[in-house]
């Protein structure tokens, strides 16, 4: 067995022993030793192999798989610019704390810097965006090689999973291979090892075997971050407090218990999965955007967790700690940012007065006042007013689609939301639900890989999954629909809001530069005129056009990968959102 084939067999076996169940591979030549080993492991039923023709799609598919499964997933590519196409997913995995094992094949050292074909500098290609990097060195036929390869796999797994003392996230292994890249004549199957990891009869100088009974080469225990990294803050009770839950994969239970005990409202973004329980508000964004209400309801204490940031009024609320120092009347006296791990907390407004691993309330509420009741009453009034406006529309607007979709999702469903207007519409209109899971790429909030990530999450979820995305997100990641025959296929319904461009810019200052001679429509609106029916047909994906609200529930039925298009108008959507806000403000007042 040649060294490259032996490495592929041993390394893939050890990752499986660590717990890997999924690997995503983009085709290429230099990555052959590992690609063939993963194929053999898939054939034996030890893991699931997912092939994607586009490296960016492959990396985001892996990210979605890892995010939904909360377990490291490997993604493999050949050398050269293929590795560069992983970078956006690596950044998102870093910002979101998603365990991703990034495996980039490389040319041997003697070909680097020579102008050799498909050779670039891949050393620390992703900079500080990875938890750990290793340039593994060329596989060699030596007695102790297997121990190094197995230890390397375990080390990468531990850093990725957060089992080595840090937070979960991406790791990068750069893997140079020298030819031959394919098994020698007479070698065993490309996997190279028997199902138990034994050598399967080879003349290797020493053993390639792993630990007995399928155990990993190296176990990691006692290094994982505790549930409450950092100190626990003892917070004196005050009536006027709020809990803000932003995006992130953290346990919101203690925060909801804190809010319940204190009598505080919970302002929870959809992908926090904390919009549940009696204190969670559905229309809180309208309350924050109503100056009259907020003038009388400035909190004294804010406890925030995750990565909040879906609106400017929300950002203004979180900036209250800094405003208090500046002497702003009515500003919060204390803002506690709950850290998700060592060095990991969110405070872009620089308003946090405290950072803590967890918060414990001291003192008992002495006869709760009207604070929580006033927030609930205003929330209910805003919700009724907003719903009345949406229900008065004859066509299926973007805001109503978001509301009705979340209402119609079956129990146990997964919803992946796009990072632009879809997640904001869901945030503004989603009722509290504890029986569904909502995910989004809110780490860097990019448009990259939306469809691929949703497909990966659906594959890990194992039940009905849905994605609400914009037309630009679909076009940006059209390869996410390119899943070849014989590949594992997700049960994913992709609902696409097609307003022929970038709808979020219509709500920003750039919209003022419109008109026939202005830059807005061409530079920001970016109309594309694409026919989504033709696009989906090219990939053989079932397609349906939906235009009536009453047909949504029926359209969501079915299975497999499929696309539903809802055509809307950007200007009309902006006007409708303004009408909803005006109605909600009036009802709150």
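Numbering (this note's numbering), first residue to last: 633 to 1221.
Just so you know, even glycine gets a beta-carbon here, dropped at the ideal spot from N, CA and C.
Everything numeric in this text was worked out from a predicted model, so none of it was measured.
>> For residue 781 and residue 968, which I take to be in contact (beta-carbon distance under 8 angstroms), what is that distance rounded to the nearest angstrom?
In response: With a beta-carbon spacing of about 46 angstroms, residue 781 and residue 968 fall beyond the 8 angstroms limit used to define contacts.
> Under a three-way DSSP split, which group does residue 638 fall into?
Replying inline: Three-state result, residue 638: helix.
> How many angstroms separate the CA atom of residue 647 from the CA atom of residue 875?
Replying inline: Whole-angstrom Cα-Cα distance: 40 angstroms.
> Whose CA, out of 1191, 1117, 661, lies closest to the CA of residue 1096?
Replying inline: Of the candidates 1191, 1117, 661, the one whose C-alpha sits nearest the C-alpha of residue 1096 is 1191.
>> Which complete beta strand (DSSP E) runs does the stretch 757-784 hold, if anything under 3 residues is left out?
In response: Qualifying beta strand (DSSP E) stretches, in chain order: 764-767.
> With C-beta atoms as the reference, is residue 657 less than 8 angstroms away from residue 690?
Replying inline: Against a cut-off of 8 angstroms, the Cβ pair of residue 690 and residue 657 comes out as a contact.
>> Quick check: what's the CA-CA separation for residue 861 versus residue 990?
In response: In this predicted model, residue 861 has a pLDDT of only 47, less than 50, meaning its place in the structure is not dependable; the value taken from the coordinates is given anyway. So the two alpha carbons sit approximately 8 angstroms from each other.
> Out of 729, 761, 1215, 645, which has the shortest C-alpha to C-alpha gap to residue 1024?
Replying inline: For residue 1024, the closest C-alpha among the options 729, 761, 1215, 645 is that of 1215.
> In terms of residue numbering, what span does the alpha helix (DSSP H) encompassing residue 1197 cover?
Replying inline: Boundaries for residue 1197: no alpha helix (DSSP H) harbours it, while the beta strand (DSSP E) harbouring it runs 1194-1199, taken from the DSSP string.
>> Between residue 1129 and residue 1196, how many whole angstroms is the CB-CB distance? I'm expecting something under 8 angstroms.
In response: Between residue 1196 and residue 1129 the Cβ distance is about 10 angstroms, and since that is not below 8 angstroms, they are no contact.
>> Measuring CB atoms only, is the stretch 703-718 touching the stretch 652-667, in the sense that at least three cross pairs come out at less than 8 angstroms?
In response: Yes, they touch.
> Taking the runs of the alpha helix (DSSP H) that are 4 residues or longer, which of them lie wholly in the stretch 872-941?
Replying inline: If only uninterrupted alpha helix (DSSP H) runs of at least 4 residues are considered, those enclosed by the stretch 872-941 are 885-894, 916-920, 923-927.
> Where do the N-terminal and C-terminal ends of the beta strand (DSSP E) with residue 1088 fall, by residue?
Replying inline: DSSP places residue 1088 in no beta strand (DSSP E) but in the uninterrupted alpha helix (DSSP H) bounded by 1082-1093.
>> Excluding the 5 residues flanking residue 966 on each side, which residues of the same chain have their C-beta closer than 6 angstroms to its C-beta?
In response: If you ignore the 5 residues before and after residue 966, its C-beta comes within less than 6 angstroms of the C-beta of 933, 985, all in its own chain and listed in chain order.
> With 16 other CB atoms within 10 Å as the buried threshold, where does residue 1036 fall?
Replying inline: Buried, since its Cβ has 16 or more Cβ neighbours within 10 Å.
>> For residue 670 and residue 705, I'd like the C-alpha separation in whole angstroms.
In response: Distance between the alpha carbons of residue 670 and residue 705: 13 angstroms.
> What residues in its chain sit with their C-beta under 8 angstroms from that of residue 1103, if we drop five residues either side in the sequence?
Replying inline: If we look at residue 1103 and ignore the five residues flanking it on each side, its Cβ neighbours are 1128, 1129, 1130, 1131, 1132, 1133, 1160, 1162, 1164.
> Helix, strand or coil: which one does DSSP assign to residue 737?
Replying inline: Note: residue 737 maps to strand in three-state DSSP.
> Assuming residue 837 contacts residue 775 under a Cβ cut-off of 8 angstroms, what Cβ separation, rounded to an integer in Å, is found between them?
Replying inline: The beta carbons of residue 837 and residue 775 sit about 5 angstroms from each other, so the pair counts as a contact at 8 angstroms.
>> In the DSSP assignment, the alpha helix (DSSP H) including residue 947 goes from what residue to what residue?
In response: Unbroken alpha helix (DSSP H) run through residue 947: 944-950.
>> Rounding to the nearest angstrom, what Cα-Cα distance links residue 613 and residue 927 in this structure?
In response: The question about residue 613 has no answer, for the chain in this structure spans 633 to 1221.
>> Just verifying my parser: in three-state terms, what is the DSSP assignment at residue 723?
In response: Here residue 723 carries a helix assignment [DSSP, helix/strand/coil].
> Can you tell me where the alpha helix (DSSP H) with residue 660 in it begins and where it stops?
Replying inline: Here residue 660 belongs to no alpha helix (DSSP H), and DSSP marks it neither H nor E.
> Just reading off the alpha helix (DSSP H) that residue 1057 is part of, what are its end residues?
Replying inline: For residue 1057, the enclosing alpha helix (DSSP H) begins and ends at 1053-1061.
> Could you check where the alpha helix (DSSP H) with residue 1236 kicks off and where it finishes?
Replying inline: Residue 1236 is absent from the structure shown; the chain starts at 633 and stops at 1221.
>> Among 744, 740, 676, whose alpha-carbon lies nearest the alpha-carbon of residue 811?
In response: Put simply, of 744, 740, 676 the residue whose alpha carbon is nearest the alpha carbon of residue 811 is 740.
>> Could you give the first and the last residue of the continuous alpha helix (DSSP H) run that contains residue 986?
In response: Element bounds for residue 986: not the alpha helix (DSSP H) but the beta strand (DSSP E), 986-988.
> Ordered along the chain, which non-local residues of its own chain (more than five positions away) have a Cβ less than 6 angstroms from that of residue 848?
Replying inline: Non-local C-beta neighbours of residue 848 in its own chain, meaning closer than 6 angstroms and more than five positions away in sequence, comprise 649, 650, 786, ordered along the chain.
>> Report the CB separation of residue 970 from residue 948 in whole angstroms; it is logged as a contact under 8 angstroms.
In response: Not really, about 20 angstroms apart at Cβ, beyond 8 angstroms.
>> Given a cut-off of 8 angstroms on the beta-carbon distance, is the pair residue 842 and residue 645 in contact?
In response: Yes, Cβ-Cβ distance for residue 842 and residue 645 is below 8 angstroms.
>> Which residue marks the beginning of the beta strand (DSSP E) containing residue 966, and which one marks its end?
In response: Residue range 966-970 is occupied by the beta strand (DSSP E) that includes residue 966.
> Taking the alpha-carbon positions, what's the residue 882 to residue 692 distance?
Replying inline: Cα atoms of residue 882 and residue 692: separation of roughly 21 angstroms, rounded to the nearest angstrom.
> Taking just the CA atoms, how far does residue 1091 sit from residue 699?
Replying inline: The C-alpha of residue 1091 is placed about 11 angstroms away from the C-alpha of residue 699.
> Which same chain residues, not among the five before or five after residue 931, have their C-beta less than 6 angstroms away from its C-beta?
Replying inline: Here the set comprises 872, 873, 874, 964.
> Between the stretch 1033-1048 and the stretch 862-871, are three or more C-beta pairs nearer than 8 angstroms?
Replying inline: No: fewer than three Cβ pairs fall under 8 angstroms.
> Can you check whether the CB of residue 1040 is closer than 8 angstroms to the CB of residue 1184?
Replying inline: Yes, Cβ-Cβ distance for residue 1184 and residue 1040 is below 8 angstroms.
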